[in-house]
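Position 81 (the sequence shown) corresponds to 81 in full-length UniProt numbering; numbering is contiguous.
A short worksheet on the structure shown next.
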Amino acid sequence: MSRLAPFYPIVDSADWVRRLVPVGVKLVQLRIKRRTPDEVRREVRAALAICRPRRVQLVINDHWRIALDEGAGFIHLGQEDLAGADLRAIRARHVKLGISTHDDAELDHALGVSPDYVALGPIYPTSLKAMPWAPQGLDRIGEWKRRIGRLPLVTIGGITLERAAGCLAAGADCVAVVSDVTGHPTPLVRAASWITSTRTPPRGLPHE
């Protein structure tokens, strides 16, 4: 099985990537909403320039065309974006792919395109955005892991540092985090605590 760092912060700018990488982050997602394509392209390009020489795995959320144009090695797609993505083009570039899932039908759909990881959420209630799904809970993590086997499982949604151990013990390979880092009063200290607390033999996916 390939490698995936257990701590997976999700940020909305290259500036956040620049701040987090020196702390020791090895896996980070750039998720940009409500920006023009040119702005997104500049952010992706800047983030890749930070991550590549430091062997940090950067995952680009949703903007798969820009990710391919800029030579990114990893894309994450939600179910709606998955429906409109050119999976043949993504695979032709040997780009890795993570996919969000929230229910059985979405998991079946995701597994049908042979992703490099599956994400499950929300695990806990989250105020980040309105969710039509009830919190999944820890038991659901174990169920998903049994169904996907050796494929890496990412958990997301309302997860704090204090809740991370429970997610990993339930079967998650990786914990994706937004507010508990970027919304924390001391985000870099918090990120360092995450890295220390989740430091395990690496699991998941290789660097690009």
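Think of the CB as a built atom: it goes at the ideal place given N, C-alpha and C, for glycine as much as any other residue.
These numbers come from a predicted model, not from an experiment.
Around the Cβ of residue i, are there at least 16 other Cβ atoms within 10 angstroms (buried) or fewer (exposed)?
i	result
residue 102	buried
residue 189	exposed
residue 205	Note that residue 205 scores a pLDDT of 48, beneath 50, so its modelled location is shaky and nothing firm can be said.
residue 62	buried
residue 26	buried
residue 76	buried
residue 161	buried
residue 119	buried
residue 145	buried
From which residue to which residue does the beta strand (DSSP E) around residue i run?
i	result
residue 100	96-101
residue 76	74-77
residue 160	Residue 160 -> no beta strand (DSSP E), and no H or E assigned at all.
residue 175	174-177
residue 32	No beta strand (DSSP E) holds residue 32; DSSP gives it neither H nor E.
residue 85	No beta strand (DSSP E) holds residue 85; DSSP gives it neither H nor E.
Check the C-beta distance from residue i over to residue j and give it rounded, since I have them as a contact under 8 Å.
i	j	result
residue 141	residue 172	5 Å
residue 60	residue 72	5 Å
residue 74	residue 87	Actually they do not touch by this definition, with Cβ atoms about 14 Å apart.
Could you tell me the distance, in whole angstroms, from the CA atom of residue i to the CA atom of residue j?
i	j	result
residue 8	residue 177	6 Å
residue 107	residue 98	12 Å
residue 174	residue 165	10 Å
residue 168	residue 124	14 Å
residue 39	residue 182	20 Å
residue 5	residue 198	9 Å
residue 18	residue 54	11 Å
residue 136	residue 152	17 Å
residue 147	residue 109	13 Å
residue 29	residue 69	17 Å
residue 207	residue 95	For residue 207, the predicted model reports a pLDDT of 42, less than 50, meaning its position is unreliable and no value from the coordinates is stated.
residue 157	residue 41	27 Å
residue 37	residue 154	27 Å
Could you give the first and the last residue of the continuous alpha helix (DSSP H) run that contains residue i?
i	result
residue 196	187-197
Next on the checklist: Using 8 Å as the cut-off, can you tell me whether the stretch 75-85 makes contact with the stretch 41-52, which would need three or more C-beta pairs spanning the two stretches below that distance?
Outcome noted: no
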